[in-house]
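**Q**
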Amino acid sequence: MYVTLSVITVLVILYLVFIWILRSLKINKKNDDLYVIVTGCDSGFGQELAYKLDKLGFNVYAACLTEKAVKELDMTTSERLRTAKVDVTKSEDIANFYEFVKNALPNEKGVVGHMGFCDILGREQYIETLNVNLFGMIEMNRKFLPLLRQSKGRIINTSSVAGRLATGNPCYTISKYGVEGYSDCLRRELYNQGVTVHIIEPGSFATPLITRMTKANLRTKFQTVMDKGTKEEQDLVVADLFTEVAVKVASKDTYKVVNAYHHALTARYPKTRYLVGIDANIIYPILWTIPDWITDILFAYAGLGKSKKTLSGVIEAAFQRMRCMSKATSQSN
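All letters in the sequence shown, in the order written, are residues 19 to 351 by the numbering used here.
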């Protein structure tokens with residue numbers, strides 16, 4: 019038995035070493051031969067990635083929402099980085115950006131490329147988030163596919179751990195679940211066409227989006243939506259404590275996410291998915307692996323549910339639900 023365990027241990031170690039070596043191999047191209055499109059360069063991961071790629075000698079096409087961000091990048095980067103003002107919710111902007119990139123590329127070059135609860139959030143709030151996080155990404159992917167096929171390039175889409183586990187913000191969560199589903203469909207569709215698709219799944223990081231979420235304005239944003247509900251609906255809900263916790267524990271090491279983008283761009287054998295952050299690699303995998311009823315208890319107690327019960331009350335409700343499910347199953351049999 020000890021011999022068997024020793025053999026298994028050695029095989030596991032050899033496998034992990036092999037994977038590590040495989041992931042460390044780089045593509046056989048110089049950085050100045052690579053052309054990368056980066057969206058969302060006004061701040062956060064997009065802006066950090068644009069700066070890093072420029073310093074490393076990549077040719078970068080940076081899409082920004084505001085003229086201010088365009089000017090800032092133009093003043094602080096080399097001539098290898100070219101900027102454009104792009105609103106990814108507008109098809110015309112994306113089409114113009116495509117023509118800009120296409121005309122700027124050398125011959126035969128391609129690219130690598132509201133807070134609230136469900137019963138009160140309406141179509142308007144969902145569409146506003148989906149237009150940026152999902153539909154804008156889909157339109158960018160679709161528009162640039164001809165260049166990607168030509169160059170046998172890569173698509174790297176930004177999702178989140180919220181794309182694998184519903185964390186209490188319906189608009190954001192649904193948009194990221196959409197990113198996951200779309201990216202998986204696209205990857206399989208392009209499997210035999212030389213274009214690969216990769217997903218970055220960060221945990222909680224202190225980007226401007228997060229750092230602006232102080233406890234005070236979190237409550238304000240939350241209350242703005244909740245005020246649209248009926249008196250009955252407002253009496254049922256509690257604040258989203260889980261989001262407050264996520265803001266408090268947000269990592270300042272945003273470079274880790276940027277490094278994941280860089281690896282996905284340059285590795286000879288990049289990963290399909292990149293979970294980034296301690297919470298993304300330890301806490302969330304546990305939460306989406308354990309039985310749903312346990313996760314439901316933890317999230318309900320964290321303030322994601324509409325019941326103002328204590329932990330013991332939440333647990334009691336969970337066991338009552340399990341008993342009902344068991345009874346229904348036995349009756350059906």
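Quick reminder that beta carbons are idealized off the backbone N, C-alpha and C, glycines included. On a predicted model such as this, the values are computed, not experimentally measured, just so you know.
Counting along the chain, where does the beta strand (DSSP E) carrying residue 103 start and finish?
**A** 99-103
**Q** List, from N- to C-terminal side, the beta strand (DSSP E) runs of 3 residues or more that fit wholly inside the stretch 184-226.
**A** Restricting attention to beta strand (DSSP E) runs no shorter than 3 residues, the stretch 184-226 encloses them at 214-220, ordered along the chain.
**Q** Classify residue 268 as helix, strand or coil using the three-state DSSP reduction.
**A** When secondary structure is reduced to three states using DSSP, residue 268 falls in the coil class, being assigned neither helix nor strand.
**Q** If distances are taken between C-alpha atoms only, which option among 102, 106, 298 comes closest to residue 118?
**A** When C-alpha distances from residue 118 are compared across 102, 106, 298, the shortest belongs to 102.
**Q** What did DSSP end up calling residue 55 once you bin it into helix, strand or coil?
**A** strand
**Q** Going by Cα to Cα distance, which pick from 180, 205, 185 is closest to residue 195?
**A** Checked all of 180, 205, 185; the closest Cα to residue 195 is 180.
**Q** Hey, quick one: how far does the alpha helix (DSSP H) through residue 282 stretch, first residue to last?
**A** 273-284
**Q** Here's the rule: buried if 16 or more other CB atoms are within 10 angstroms of the residue's CB, otherwise exposed. What is residue 46?
**A** exposed
**Q** Considering only the alpha carbon of each residue, which of 98, 153, 287, 58 lies closest to residue 74?
**A** 98
**Q** Quick one: any contact between the stretch 166-181 and the stretch 214-228, if contact means 3 or more CB pairs under 8 Å?
**A** yes
**Q** Can you tell me the Cβ-Cβ gap for residue 224 and residue 185, rounded? I've got them flagged as a contact below 8 Å.
**A** So it is not a contact: roughly 17 Å between Cβ atoms.
**Q** Which stretch, first to last residue, makes up the alpha helix (DSSP H) that contains residue 302?
**A** 302-307
**Q** Please classify residue 46: does DSSP put it in a helix, a strand, or coil?
**A** coil
**Q** To the nearest whole angstrom, what separates the beta carbons of residue 57 and residue 88, a pair I think is in contact under 8 Å?
**A** About 13 Å; that fails the 8 Å criterion.
**Q** Which partner residues of residue 176 appear in the DSSP bridge assignment?
**A** Bridge partners of residue 176: 218.
**Q** If we count the other Cβ atoms within 10 Å of its Cβ and call it buried at 16 or more, is residue 310 buried or exposed?
**A** exposed
**Q** Just to confirm the assignment, what range does the alpha helix (DSSP H) spanning residue 114 have?
**A** 109-122
**Q** Just to confirm the assignment, what range does the beta strand (DSSP E) spanning residue 78 have?
**A** 77-82
**Q** Can you tell me the Cβ-Cβ gap for residue 291 and residue 43, rounded? I've got them flagged as a contact below 8 Å.
**A** Not really, about 19 Å apart at Cβ, beyond 8 Å.
**Q** On the three-state DSSP scale, how would you describe residue 33?
**A** helix
**Q** Are residue 295 and residue 220 touching if we call contact CB-CB under 8 Å?
**A** yes
**Q** Please look up how many angstroms separate the CB atoms of residue 100 and residue 122, rounded, as I've assumed it's under 8 Å.
**A** 6 Å
**Q** If I measure Cβ to Cβ from residue 204 and keep anything under 8 Å in the same chain, skipping five residues before and after, which residues do I get?
**A** 159, 173, 215
**Q** Using the beta-carbon count (16 or more within 10 Å), is residue 30 buried or exposed?
**A** exposed
**Q** By the three-class DSSP mapping on this structure, what secondary structure does residue 25 have?
**A** DSSP places residue 25 in helix when its eight states are reduced to three.
**Q** Does residue 167 come out as helix, strand or coil in the three-state DSSP assignment?
**A** Three-state result, residue 167: helix.
**Q** Could you have a look at residue 144 and say whether DSSP puts it in helix, strand or coil?
**A** Reduced to three states, the DSSP call for residue 144 is helix.
**Q** Roughly how many angstroms lie between the CA atoms of residue 25 and residue 308, to the nearest whole one?
**A** Linking residue 25 to residue 308 through their CA atoms gives a straight-line distance of about 30 Å.
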